Amino acid sequence: MIEADYEQKNMEDYRIRVHALKSTAKMIGAENLSDLAKDLEMAAKEKDWDFIEKNHKEVLDQYAAAVVEIGSLLGTVLEEEEFSVTQINSEKLLEELMLLMEKLRAYEIDDAEKIIQKLQHIKCANLSGRELIENIKQDVTDFEFDRALNKTEKLYKRVERGECE
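Numbering of the sequence shown is given in the working numbering, commencing with residue 44 and proceeding in unit increments.
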């Protein structure tokens, strides 16, 4: 939800959510996370979008690390990568998709799977990697390389049309 408020530049809801994160982090002893959330809360109050843009990813990374640590303390195995999201621009996404298409055409499946793994954790404007890549990943798992290539080409065209700005 913090991510959605950030993407929509909804300062008021963003402020409320980082305030809640600040309080929760403080209660569990995640002081650095609490301090950063407090700074982001103040920035949202002051409508300091530059500060928010510079520090938003860091607060998400610290939050993900805290979730992983809590999970391990509770005996739950959580992979840190499940929570990490990397923001990329459309140019970089097009490069990754082009590389994926090359690997699929050459049946270099190990390399294709590595690219797919990376793409699952990207965010580009309104496009989320996990939802976009799941079907392609399943096709590769099912040895349906032509179908995976076709879906990758369609995704490439969507990004090329400007659906990821």
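Positions of the beta carbon are idealized from the N, C-alpha and C atoms, including for glycine. None of the values given here were measured: they were computed from a predicted structure.
- Inter-segment contact for the region 196 to 203 and the region 129 to 149 is present: three or more beta-carbon pairs are separated by less than 8 Å.
- With respect to ASN98, ASP82 sits close: the two C-beta atoms are nearer than 8 Å.
- Sequence-distant Cβ neighbours of MET144 in its own chain, meaning closer than 8 Å and more than five residues away, are LEU192, THR195, GLU196 and TYR199.
- Rounded to whole angstroms, the Cβ separation of MET54 and ALA87 is 5 Å, and the two are in contact under 8 Å.
- By the neighbour-count criterion, in which 16 or more other beta carbons inside 10 Å mark a residue as buried, ASP153 falls on the exposed side.
- Annotation: the continuous alpha helix (DSSP H) that includes PHE188 extends over 188 to 201.
- Per DSSP, the continuous alpha helix (DSSP H) segment holding LYS65 begins and ends at 54 to 70.
- Within 10 angstroms of the beta-carbon of TYR57 lie 16 or more other beta-carbons, which makes it buried.
- In this structure, the alpha-carbon of GLN163 lies about 14 Å from that of VAL183.
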